[in-house]
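The sequence shown stops at residue 205 when you use my numbering, and every number in between is there.
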Amino acid sequence: MSEVERLKKNIDFKKVYSRGKSLADKYVVIYMAKNNLDVTRVGFTASKKVGKSVVRNRARRLIKESFRNNSKGIKKGYDLVFIARVSIKDANYKDVEKCVVRLLKRANLINS
Numbered sequence: 094m095s096e097v098e099r100l101k102k103n104i105d106f107k108k109v110y111s112r113g114k115s116l117a118d119k120y121v122v123i124y125m126a127k128n129n130l131d132v133t134r135v136g137f138t139a140s141k142k143v144g145k146s147v148v149r150n151r152a153r154r155l156i157k158e159s160f161r162n163n164s165k166g167i168k169k170g171y172d173l174v175f176i177a178r179v180s181i182k183d184a185n186y187k188d189v190e191k192c193v194v195r196l197l198k199r200a201n202l203i204n205s
């Protein structure tokens with residue numbers, strides 16, 4: 094993930110939520126906003142509605158790994174926030190990966 098950096102600060106997440114556009118799928122919601130940088134920054138989150146910490150951490154790990162495996166050729170200059178939905182509790186890796194790829198394609202961030 095050399096051309097991709099992590100979003101870590103709360104203020105960065107809030108900027109993406111307020112200025113960005115969102116797309117939703119069965120297991121994941123993605124917020125995206127232009128950042129005028131030469132890198133794409135990514136953040137991952139799961140609210141307490143998803144479940145206890147073990148479930149939230151698993152959900153974040155599934156989304157992170159799905160993104161990592163499909164981040165080659167991603168467009169630069171965006172801030173992305175992936176949010177786990179409650180339905181991700183019962184999902185397996187393949188389902189989450191399909192969902193993440195579908196969202197990235199719908200957002201025109203990766204080529205077909």
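Backbone N, C-alpha and C define an ideal beta-carbon position, used for all residues, glycine too. The structure presented is a predicted model; accordingly, all values stated were derived computationally and were not measured.
So which of the options has the shortest CA-CA distance to residue i?
i	options	result
K107	V121, E190, F137, L130	F137
D105	A184, L197, V194, Y171	Y171
S180	L197, L100, S140	S140
N129	V109, S146, K145	V109
V132	V193, N204, K165	K165
L197	E98, Y124, R99	Y124
R99	V174, R112, A200, I167	V174
S159	S146, S115, A184	A184
L202	K101, A126, R112, N103	A126
Pop quiz: residue i and residue j are said to be a contact at Cβ under 8 Å. What is the actual Cβ separation, rounded to whole angstroms?
i	j	result
V143	R149	5 Å
V97	I167	7 Å
A177	A200	That belief does not hold up - the Cβ atoms of A177 and A200 are roughly 17 Å apart, past 8 Å.
Would you kindly report the start and end of the unbroken alpha helix (DSSP H) that includes residue i?
i	result
L197	186-199
Tell me where the beta strand (DSSP E) around residue i begins and ends.
i	result
V174	171-177
| message | Would you call the stretch 175-190 in contact with the stretch 113-129, where contact means no fewer than 3 C-beta pairs closer than 8 Å? | response | yes
| field | Contiguous beta strand (DSSP E) assignments of at least 3 residues, all confined to the stretch 97-153 | value | 97-99, 114-117, 121-127, 133-139
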